[in-house]
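Here the sequence shown is numbered in my numbering, starting from 19 and rising by one per residue.
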Amino acid sequence: MAELSFKTLSFKQEGSKIKVNFLKIFYFYLDDKLLSKIGDFKIKDSSIIFEKTPEKRAERKFNSLLAEGFKDLKNTISGKKTIYIHKNSGIPLIGSNSFGIVDRNTSIIDVRPITSCNLNCIFCSVDAGLSSRNQVDFVVEREYLVEEFKKLVDFKGCDVEVHLGTQGEPLLYAEIIELIKDLSSIKKVKTISMDTNGTLLTEELVDKLAEAGLTRINLSLNAMDKNLARKLAGCKYNLDKIKETASYIAKKMELAIAPVLVPGFNDDAMEKLINFAKKMKGDRKGYFIGIQNFLNYRFGRNPCKQLSWDKFYLMMKDLEKKTNTKLIIGPEDFNIQKTKKLPKPFKKGQIIKAEILCPGRLKNEMLAVASNRVISIPTCFKKGIVKIRITRTKHNIFMGRLV
19 MAELSFKTLS FKQEGSKIKV NFLKIFYFYL DDKLLSKIGD FKIKDSSIIF
69 EKTPEKRAER KFNSLLAEGF KDLKNTISGK KTIYIHKNSG IPLIGSNSFG
119 IVDRNTSIID VRPITSCNLN CIFCSVDAGL SSRNQVDFVV EREYLVEEFK
169 KLVDFKGCDV EVHLGTQGEP LLYAEIIELI KDLSSIKKVK TISMDTNGTL
219 LTEELVDKLA EAGLTRINLS LNAMDKNLAR KLAGCKYNLD KIKETASYIA
269 KKMELAIAPV LVPGFNDDAM EKLINFAKKM KGDRKGYFIG IQNFLNYRFG
319 RNPCKQLSWD KFYLMMKDLE KKTNTKLIIG PEDFNIQKTK KLPKPFKKGQ
369 IIKAEILCPG RLKNEMLAVA SNRVISIPTC FKKGIVKIRI TRTKHNIFMG
419 RLV
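In structure tokens, the structure reads:
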């Protein structure tokens with residue numbers, strides 16, 4: 019008998035197929051007929067049992083079916099095809115702005131395990147969420163992410179802050195607690211911060227996040243009026259619950275309220291948000307609110323025209339006087355230090371050969387790989403090995419065009 023058990027998979031019979039759930043919000047199907055070729059089987063939560071099949075044969079055959087099944091992985095929230103990036107996928111974790119690790123040559127390193135969101139914000143800069151036009155989602159293997167992060171920290175050789183800021187909602191990552199524990203165990207990691215819309219937080223989850231090593235939550239709260247908050251979120255939104263959660267967070271760890279100023283929508287909400295943030299801060303010193311200027315992005319949602327930076331800073335100065343609160347913040351407020359630069363394997367304008375491995379987030383975008391970097395190629399319909407001219411290299415985020 020072979021009983022195969024999994025930590026990240028669960029199984030459910032649906033008609034003549036087995037639905038395989040992966041990391042809670044992803045799934046694919048396996049046909050009963052293909053499973054029966056391995057042997058008579060039954061499923062039990064996170065296990066599949068082949069009663070008359072030797073264990074090694076069952077493992078080999080079933081893992082082969084899983085590999086094929088993962089090619090059809092989908093996201094239950096967005097309905098999008100999902101790419102699972104793991105150590106043996108051949109996809110590096112540096113080079114893309116969507117997933118993996120983003121290093122801007124400072125002591126803050128972005129770690130992005132997932133692209134998915136449970137809201138539908140009308141101003142989303144990356145068009146994430148329920149009505150997203152993006153063609154695929156990504157989810158990254160936790161062990162692979164931690165392993166590659168350690169390599170980068172060793173290269174930098176200095177204390178760092180981990181910033182869990184995804185193109186979406188990081189709490190949708192099923193192993194977020196385990197990820198934070200793994201990252202906090204790294205000697206050079208001194209701070210772990212996370213951006214979240216807060217809708218998935220409970221007191222119990224806040225406790226677990228704090229125990230795992232999360233230092234600060236940056237809470238995306240954009241209005242203190244229920245109707246306006248719901249309008250900005252683009253879907254159902256329980257403002258009272260978010261406010262209660264914020265109060266609890268402030269007792270357990272650092273809390274920063276992080277609204278986006280969307281001109282013509284929540285301009286008048288900023289003063290109330292500042293006062294709420296001050297109330298949450300209590301006697302704690304340091305950064306507790308960071309108002310962000312809404313920016314227009316080609317592939318984002320653009321319900322209005324962005325404020326010029328001059329107008330934005332004038333507004334911040336006026337609010338600083340009204341509320342006696344520092345709102346214009348810089349690297350020194352986060353103790354951001356410049357660090358050793360990670361080498362770039364390519365130069366802008368260089369022509370290289372790369373292998374196309376999977377679709378990118380945007381329509382007709384493909385992701386290629388060369389020299390342990392991901393390279394985004396827009397308007398690409400080719401497969402296999404291609405020649406590309408590198409058009410972007412900033413912060414080891416690469417783009418190229420076919421030549």
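We treat Cβ as the ideally placed atom computed from N, Cα and C, and that holds for glycine.
- Around the beta carbon of serine 134, 16 or more other beta carbons sit within 10 angstroms, so the residue counts as buried.
- As far as DSSP is concerned, proline 361 takes part in no beta bridge.
- With a 10 Å radius around the Cβ and a threshold of 16 neighbouring Cβ atoms, leucine 111 comes out buried.
- Rounded to the nearest whole angstrom, the C-alpha separation of arginine 130 and isoleucine 210 is 13 Å.
- For asparagine 320, the three-state secondary structure derived from DSSP is coil.
- Collapsing the DSSP output to three states places glycine 300 in coil.
- 8 Å or more divides the Cβ of asparagine 414 from the Cβ of arginine 379.
- Following the DSSP letters along the chain, one finds isoleucine 370 inside the beta strand (DSSP E) bounded by residues 369-377.
- About 5 Å separates the beta carbons of leucine 48 and isoleucine 36, which is inside the 8 Å limit, making them a contact pair.
- In the three-state reduction of the DSSP assignment, leucine 163 falls in the helix class, which pools H, G and I.
- Just measuring C-alpha positions, the residue of Thr220, Lys323, Lys412, Cys176 sitting nearest glutamine 355 is Cys176.
- Looking only at Lys299, Asn293, Leu84, Leu91, the smallest Cα-Cα distance to alanine 274 is reached by Lys299.
- Less than 8 Å separates the beta-carbon of tyrosine 266 from that of valine 224.
- The region 356-363 and the region 85-92 do not touch, with fewer than 3 CB-CB distances between them shorter than 8 Å.
- Taking a cut-off of 8 Å on C-beta distances, the region 95-111 touches the region 149-162, as three or more cross pairs fall below it.
- Within the model, the alpha-carbon separation for glutamate 193 versus isoleucine 43 is close to 12 Å.
- Ranking Asn123, Met384, Phe29, Ile292 by CA distance to the CA of proline 349 puts Asn123 first.
- Nearest to glutamate 373 by C-alpha distance, out of Val404, Asp351, Ile195, Asn382, is Val404.
- If only uninterrupted alpha helix (DSSP H) runs of at least 4 residues are considered, those enclosed by the region 155-231 are 160-174, 194-202, 221-230.
- By the Cβ test, the region 164-182 is not in contact with the region 387-402, since fewer than three Cβ pairs between them sit closer than 8 Å.
- The shortest CA-to-CA distance from serine 125 to any of Asn353, Ala388, Met384, Lys199 is the one to Asn353.
- Sequence-distant partners of alanine 20 (beyond 5 residues in either direction) whose C-beta falls short of 6 Å from its own C-beta, in its chain, are Phe68, Thr71, Glu73, Ala76.
- Contact check for methionine 242 against leucine 313 fails: the beta carbons are separated by 8 Å or more.
- Going by C-alpha positions, tyrosine 191 is about 15 Å away from leucine 91.
- Looking at Glu289, Asp301, Val280, Val278, the one whose alpha-carbon comes closest to that of lysine 269 is Asp301.
- Under the DSSP assignment, alanine 251 falls outside any beta strand (DSSP E), being part of the alpha helix (DSSP H) whose first and last residues are 244-251.
- Counting only residues of its own chain and dropping the five nearest sequence neighbours on each side, lysine 366 has a CB closer than 8 Å to the CB of Ile408, Thr409, Arg410, Thr411.
- Between serine 64 and serine 28, the gap from beta carbon to beta carbon is short of 8 Å.
- Closest by C-alpha distance to leucine 227, out of Lys249, Arg248, Asp200, is Asp200.
- Annotation for alanine 230: Ile195, Ile198, Lys199 place their beta carbon closer than 6 Å to its own, counting only its chain and skipping 5 residues before and after.
- Per DSSP, the unbroken alpha helix (DSSP H) holding leucine 52 starts and ends at 50-56.
- A direct Cα-Cα distance of roughly 24 Å separates lysine 296 from glycine 183.
- Take glycine 282, set aside five residues on each side of it, and the residues of its chain with a beta-carbon closer than 6 Å to its own are Cys322, in chain order.
- Sequence-distant Cβ neighbours of cysteine 139 in its own chain, meaning closer than 7 Å and more than five residues away, are Gly147, Leu250, Ala251, Gly252.
- Per DSSP, serine 265 is one residue of the alpha helix (DSSP H) stretching across 257-270.
- As a beta-bridge residue in DSSP terms, methionine 384 pairs with Pro377, Ile395.
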